[in-house]
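**Student:**
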């Protein structure tokens, strides 16, 4: 390993207040879409339409939305599947 890295100092006390006031890293309420290959993108109307076109979806009623919650066991399954598969969410939650 010969790659030189730049050290980034942790936030100072004043910066912590600024981050808390702005709501952290994400500004405002944002909904994200997680794809089967674990790509995370902000959810928007345009991104949804683009995704439907990409997969040639003609009937929106044929789609399923699945909300999942997970703990340590599911996190371990996700990690394991992410190292072995390109369709991680399907492998773990379906």
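In this note's numbering, the protein residues as written are 182 to 275. Note that beta-carbon positions come from the ideal geometry of N, C-alpha and C, so glycine has one too. Here the structure is a predicted model, which is why all the values come from computation and not from measurement.
1. So for residue 222, helix, strand or coil by DSSP?
2. Is there at least one non-hydrogen atom of the ligand FMN closer than 7 Å to the beta-carbon of residue 218?
3. Who are the Cβ neighbours of residue 319 in its own chain at under 8 Å, not counting the five residues just before and after it?
4. DSSP puts residue 213 in a beta bridge; with which residues?
5. Within the same chain, show all residues whose beta-carbon is closer than 8 Å to that of residue 254, passing over the 5 residues directly before and after it, in chain order.
**Tutor:** In short, the structure shows the following:
1. strand
2. Judged by which ligands are present, the structure shown has none, so any question about the ligand FMN falls away.
3. Here the chain has residues from 182 to 275 only, and residue 319 is not among them.
4. 223
5. none
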